[in-house]
Structure formats: structure tokens, C-alpha cells
Amino acid sequence: MGRPRLFAAVSSGAMDSMVNRYTAAKKVRNDDAYTPGGKAAARPDRAVIAYTAAVKGAFRGLPVVIGGIEASLRRLAHYDFWSDRVRRSILVDAKADLLVYGMGELALTTIARRAASGEAPVTMTDIPGTASFAPGSVPDAVILPGFDRVCADPATYNEAFRLAAAEQRPQGRPLLQDQGGRQVLVQPPARPLSGAELDRLYQLPFSRRPHPGYREEIPAYQQIRFSITTHRGCYGGCAFCAITAHQGKTIQSRSIESIHAEVDQLAAHPDFRGTVTDLGGPTANMYGTACGAGAGGRDCRRESCLFPRRCPHLRAEGRSAVALLRKIRGISHVRHLFVASGVRYDLLETQADYFAELLDHHVGGLLKIAPESTVPQITAVMRKPGPEALLAFLEFYRQRSARNGKRQGVVPYLIAGHPGCRLEDMVEVALFLKRNGLRVEQVQEFTPTPGTLATCIYYSGVDPFTGQSLHVPRSPRERRLQKALLLWHRPEVRGDILEALKLCRRESVAGELLGAGGGKGGRKNRGRQR
């Protein structure tokens, strides 16, 4: 490319390069869904740092602005799972001029406008949604413990995390953290986009296609090319999830007219056959929901509208989502409309009409839900709903499916190795799954990603908000056995399950969990026992 006129904007893409490259066991993945042909190792480790160095080498003196999910979650000193140490802000390590965090449209357009008028990005220290190098003292900033201190003491790391989390709202105060002689200044998040602004964004002439230079199919593109994003943001506040940290907890919904127009554009695609594969967002049934507190809710300090209990100001009746489904389903060139994004089943109480609409028309045989665990003390650490909400939803789901004469199933997503989860807890999860006829096909092993509460607990062993010490499953053996228990129905993990039951002194439930002769036989992979 030629030399950019204003600055170079660098991102590692839609997925963190380290999560994309390595498994939860720190093994190199065999494929990459975001690469032509699905080939692995196409991107370097810590790609933002590598790409910034490449740009600076090619264009001496050109300002570099970094952003995207990888940069966003590393804007402060952070625990890095892959090197097992605390690293400095990526702004320092990348030697960039400015960092944009979050979705970035407002900050990026402001930077471009000011750069066009002659201002250097490195001097733009006052833009919401950015991190920069402080030129001097910042009187109104919250001073976080510096890099050297958080490196030396996990309790101090927790203090920094707690102080930073308290300011993660547009009305929050700036954060200032020493990074070994340089002060990183993080401005409060940018305000959420209005519905009209989001509609204008989606009116831009995106091609909806990969770069023409790519010759092989990109697996991730094939999966989402006929899907439509209805909104952004999530107010679930799950401990392990980066969506709230990146997109914010305020739901920003597109208008039905904007979504209708995008469906019309899909119809012009030569490969479109009438199936919209997903009409959703971070959480599908949060479309159109909002805070009902008005101006009084603008400075809300809750990190979640659902945990530990639903906020009384939350307006989540689901009427907008029902209207959207009916409108898009009625378009003549739409033959099938699916909702493949996950849903929050704990909203069933106020969204019975939405769930009825969803199950009657928009589930392709299997519905994705994410309980992540079924043990109350673990779901509390995760900031997820407890088992009562899941059981209520399963009853509704099965009754509705039977009434419709459909054989619809549920795909539950669960996490093995999450901070706070002991092997004994996972035995209870396995029994819950068996007793309720739930089979898990894939298990997510917890991966500590920068910037999340769960990663903070993983590093320190202590919840920074409650001060509670928590068990952290670190050994490969324990993580393997936790995973095996979630796959209770698979013969190949029978030996691992028996090993787990013996360690927990729960051999008495082997028959219930594994069936007749449950306490006998089973393959053990002794080569992996560590």
C-alpha cells in the first residue's frame, strides 16, 4: 500500500491473535477459521505489536493508532496467560501513538478529523474511548497502582482491576497508570451509539465479501455471510466474557427498517437461497431492551443488569424482538429465518412471547443456551443464572416443542476449569446433565483472556470484589477430568470419569452416571496423568 495520509490504523482482526493461535492447554491449533483455506499460523503471535512494528518500519514517522479486541483488552497492565506474567499496556509494548478501545467509531472519526486539521494523534489525550501517553499530571484521574506494583503483588493487581472497573462507563473518570516511567492515560468509554447512528453505520456500502485477493474459502466467512447483526452490547456481565468490556452493557439496537434493508441486500447476493442463518447479536433476545430509569440511569454503576438480581429498571419485555422476527419472516425472499445466536433464558419470565415465537418459527432443531455451570456457587462466581432458571426454561422449551409436534433439542455450553470450580462441583454438574437428559457435544476449557474478571481471579486466586479466596483449576489433570465429566455420555472418557469419581470419593454415583456396570472397566489414558 502507499503511505497513509493521516495515520495507520492497526488491528489484529475480529479475534485475539493469541486465543486464535493457541488452545486452552497452550498448544498450537491445527486450523484458523479466519484464514483462507482454514490454514493455521498465518498471523504472528501478539499480532498488534508485530503489525505496528511492520508499519513503523515501512513508513518512518507515520503515526500509528491501534485498536480492535486485542488492543482494547490490553490497554492497562494485564495478566498474560501465555507467558504467565503481567505485561505492560499494549500501547507501551507496541510503541503506538494512540489506542482506541471498544467499538471505536466515535473515537476513530474524531481522531481522523483532528489529524486532518494538523493535530498529531500522540497529542490527542482527551478523546473518550482512547488510551494515550499522559503529557503531565491529570488532576481528575483515578491513579491506579503502577505496573511494577501489580507485577509484584496479586492483591495490588486486584486493587487496580477493581478501581478500573468502577470507571467503565461514559460518565466515569479517567484512569492513570505508571508503566515503568511512562504514564498511560485511559479516558472513559465512548458513549453508546444512538439507533439512528447505528442505522447510518449499516447503510455504508460494505461489500459483505472477503478481500478479492483471497482465493480460498474462509471458514468463518462461510458461517456468517448470510447472518445479520441486530444490535450490540450485553448487560449480562459474565465474569469470563469480554463482550461487555468491549461493546458496553448498553443495548444499541438497529431499527427494523435498517435490518429489512440489509435483508434486501442479501437477496441480491448470487449465492443467497432464501435462508438467513442468524438474526442476532451478542445475546439475541436483548434486542430492543433498555434501561427504564431515564436520565437517572445514565450514571449507573452496576456492571450487570441481571446479576446478582435483575435490576428493577430493566425493560426487557421482548416486544421489539417479536416484532422484528415477524417482520423479517414476512419478507417474500426469506424462506427460512434462524436465530443461531445465544439467548439468555433467565429472561423467560418477561419474554414468554418472544420465546414462543422463537421456538415456533426460528430454531433449526437445536437451540444454543449457555448455562456454563449448574452449581449455584459456581454460577455466582461466573455471574450467570442458577439452575432454577435453567430448569424453568427447559420445562417451557419441551412443552412448547411437544405442542408444536417438533423434536427440538438444546445445545448447552459449559465451561471446564473456570476459577472457583472444583472437581467435586463438576460431578454435580454431570449428574444434573444426566438427570435432565442434556448431552454436551463440545466443552469449552476456560482460557484466561486479558481484561476479564475471571482472568483476574485466575491470576490472584481471589475475587477482587468480594475478597473471597477461590480454587483455581490449573493442573492439566484436573482440567482434563473436569472436561470428561461434562462429556458423561461418551464411552471414550469413561476411565477419566471413574478416576474423577474416585478422587472425589463419589464412586457411589458411577452407576447412575454411567449406567449398568458403571463402576467397572473404562479406558484410562495413563500417559496423560500428571
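The sequence shown lines up with residues 189 to 718 when you count with the working numbering.
Don't be surprised by glycine CBs; every beta carbon is placed ideally from N, CA and C.
A direct Cα-Cα distance of roughly 8 Å separates L525 from H549. In this structure, A352 and L332 form a Cβ contact; the two beta carbons are roughly 6 Å apart against a cut-off of 8 Å. Measuring C-alpha to C-alpha distances from D613 to each of D341, R586, F460 and P564 identifies P564 as the nearest. Pairing V198 with Y239 gives a Cβ-Cβ distance under 7 Å.
Within the same chain, and ignoring the five residues on either side of A235 in sequence, the residues whose Cβ sits closer than 8 Å to its Cβ are S200, G201, S205 and E258. Taking a cut-off of 8 Å on C-beta distances, the stretch 304-318 touches the stretch 280-288, as three or more cross pairs fall below it. Going by beta carbons, T477 and C422 fall outside the 7 Å limit.
L579 sits exposed, since fewer than 16 C-beta atoms from the chains shown fall within 10 Å of its C-beta. Under the DSSP assignment, Y601 falls in the beta strand (DSSP E) whose first and last residues are G597 to A604.
Looking only at I566, A540 and C609, the smallest Cα-Cα distance to Y585 is reached by A540. For the options S529, K437, R350 and C499, the alpha carbon positioned closest to that of G468 is the one of S529. According to DSSP, Y267 shares a beta bridge with V274.
Pairwise C-beta distances place the stretch 458-466 in contact with the stretch 413-432, as three or more of them are shorter than 8 Å.
Distance from the CA atom of A642 to the CA atom of S561, rounded to whole angstroms, is 14 Å.
When rounded, the separation of the alpha-carbon atoms in R420 and E537 is 23 Å. In terms of Cα proximity to R396, the closest of A378, Q453, V598 and I519 is Q453. Of the candidates Y533, G625, S520 and R497, the residue whose Cα lies closest to the Cα of R571 is R497. By the criterion of a C-beta distance shorter than 8 Å, P380 is surrounded in its chain by P358, G421, G436, T438 and Q440, once the five residues flanking it on both sides are discounted. Put simply, of E700, L702 and Q670 the residue whose alpha carbon is nearest the alpha carbon of C692 is Q670. Separation of I254 and A300 (C-alpha to C-alpha, rounded to the nearest whole angstrom) is 13 Å. When only Cα atoms are considered, E355 and D336 end up about 22 Å apart.
In the structure shown, H434 adopts helical secondary structure according to DSSP, grouped into three states.
Annotated three-state conformation of F414 is coil, per DSSP. For F247, no alpha helix (DSSP H) run applies, since DSSP gives it neither H nor E. Check the Cα spacing between D366 and each of Q656, P376, D272 and R263: the tightest is with R263. When beta bridges are read from the DSSP output, C429 appears opposite no residue. Within the same chain, and ignoring the five residues on either side of R276 in sequence, the residues whose Cβ sits closer than 8 Å to its Cβ are A265, F335, Q367 and G368. Counting the other CB atoms within 10 Å of its CB gives V216 a total below 16, which places it among the exposed residues. Judged by DSSP in its simplified three-state form, A580 adopts helix. For K556, there is no enclosing alpha helix (DSSP H); the enclosing beta strand (DSSP E) covers residues L554 to E560. Under DSSP, Y210 shares a beta bridge with V216. DSSP places Q375 in no alpha helix (DSSP H); its state is neither H nor E. Between the C-alpha atoms of Y647 and D341 there is a straight-line separation of about 10 Å. Looking at the DSSP output, I331 shares a beta bridge with L364. As computed with DSSP, L701 is found in no beta bridge at all.
Y533 sits close to I557, with the two beta carbons spaced by under 7 Å.
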